[in-house]
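Numbering (the working numbering), first residue to last: 25 to 182.
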């Protein structure tokens, strides 16, 4: 097992390095803003749902929400190999509860292990748009715009 040690020059740097996927989330947020297409770009939302008027609550956090007119893109970013069922479930739950014109988007750094195939099949069933790989992520601002406009066609369908 390899380990590394380093000192961070600022709290912001430490915060980005602390959480798996934080850099990917920041990159996606910045590229969406930089595109200039969206009316609003917001990150780090937490939704709290009360259960049947009880004191119990369910919390869901989403990485980025983009709006253009009446369209909403709900984006979850994962920079890890394994995608468990909770990622797709949470994304669907949040998107289905915030609007009728919402699109569910999962951005991942790579396809990962074969165990993910079940999660990707579930994502297809639930109309989750999965964006993966360096080339797609480097063009994420344009891809988000195409999704909002309804012109996005994943490469596997071209």
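Just so it is clear, CB atoms sit at the ideal spot from N, CA and C, and this is done for glycine as well.
The model shown is predicted, which means the values in this text are computed figures rather than measured ones.
query, result
"CB of residue 81 within 8 angstroms of CB of residue 74, strictly", "yes"
"Option nearest residue 170 by Cα separation, candidates 54, 61, 144, 115", "61"
"For residue 94 and residue 53, believed in contact at Cβ under 8 angstroms, the rounded distance", "So it is not a contact: roughly 22 angstroms between Cβ atoms."
"Complete alpha helix (DSSP H) runs within the segment 67–149 (minimum length 4 residues, chain order)", "109–122, 140–149"
"DSSP state of residue 159 mapped onto helix, strand, coil", "helix"
"Segment limits, alpha helix (DSSP H) that includes residue 174", "It is not in any alpha helix (DSSP H) - residue 174 carries neither H nor E in the DSSP assignment."
"Integer Cβ distance of residue 132 from residue 98, believed to fall under 8 angstroms", "15 angstroms between Cβ atoms; not a contact."
"Residue 167 vs residue 154 beta-carbon contact at 8 angstroms", "no"
"Nearest-angstrom Cα separation, counted from residue 101 out to residue 33", "26 angstroms"
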